[in-house]
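The next block holds one structure in the form of structure tokens; read it before the comments.
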Amino acid sequence: MRYVYVQNGQVIDGPRMLPINWENTSNFNALDNQALKSFGWYPHRFVETPLGENDKITGSYFVVGDDEVVEYQTIAPKNEAEIQELINKLWENIRSRRNIELKECDWTQLADVALSDEKKEEWKVYSQSLRDITNFDTPDQVIWPTKP
Numbered sequence: 549m550r551y552v553y554v555q556n557g558q559v560i561d562g563p564r565m566l567p568i569n570w571e572n573t574s575n576f577n578a579l580d581n582q583a584l585k586s587f588g589w590y591p592h593r594f595v596e597t598p599l600g601e602n603d604k605i606t607g608s609y610f611v612v613g614d615d616e617v618v619e620y621q622t623i624a625p626k627n628e629a630e631i632q633e634l635i636n637k638l639w640e641n642i643r644s645r646r647n648i649e650l651k652e653c654d655w656t657q658l659a660d661v662a663l664s665d666e667k668k669e670e671w672k673v674y675s676q677s678l679r680d681i682t683n684f685d686t687p688d689q690v691i692w693p694t695k696p
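Residue 549 is where the sequence shown starts when you use the working numbering, and the numbers rise one by one after that.
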């Protein structure tokens with residue numbers, strides 16, 4: 549369990565594990581919650597806020613109660629630049645995977661490869677499908693072709 553140190557109704561330290569010693573009290577972490585609260589250490593509970601597809605976590609705030617301190621996440625919508633940056637990173641990842649998969653099948657088009665013309669054509673179509681992968685409108689529409 550994690551705890552926070554509260555002084556004058558404000559969170560001063562934490563959330564963290566309890567210290568072993570505190571203000572000349574040995575085995576501080578062996579005290580019960582009531583004794584810990586008398587020293588200002590309250591159990592901590594974190595409440596995760598569900599994120600929408602275009603939300604981002606902006607921080608958190610604490611609510612000090614009688615028996616615990618609850619931390620709530622704060623969220624805000626991403627701006628257009630952040631959304632575009634995410635889309636660019638997704639396209640970058642797709643291109644990286646595509647390039648790796650293209651390199652893995654280059655051998656199939658060599659003149660001396662021991663593949664039938666039919667199999668060679670299947671690999672050629674597969675390779676072209678990989679090259680065309682960036683023709684999709686958005687990264688989430690990408691459908692990866694199946695290797696022959």
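All residues carry an ideal CB built from backbone N, CA and C; glycine is no exception.
Val-661 counts as exposed, since fewer than 16 other C-beta atoms from the protein chains shown sit within 10 angstroms of its C-beta. Between the alpha carbons of Asp-561 and Ala-583 lies a gap of roughly 18 Å. Residue pairing for Gln-621: DSSP places it in a beta bridge opposite Ser-608. Scanning its chain for C-beta atoms nearer than 7 Å, with the 5 sequence neighbours on each side dropped, one finds around Ile-681 the residues Ile-642, Arg-646 and Val-690, in chain order. Contact annotation: the segment 563-575 touches the segment 583-596, with at least three C-beta pairs closer than 8 Å. Within the same chain, Val-618, Glu-619, Tyr-620 and Gln-621 come within 8 Å of Val-595 by CB-CB distance, once the 5 residues on both sides are set aside.
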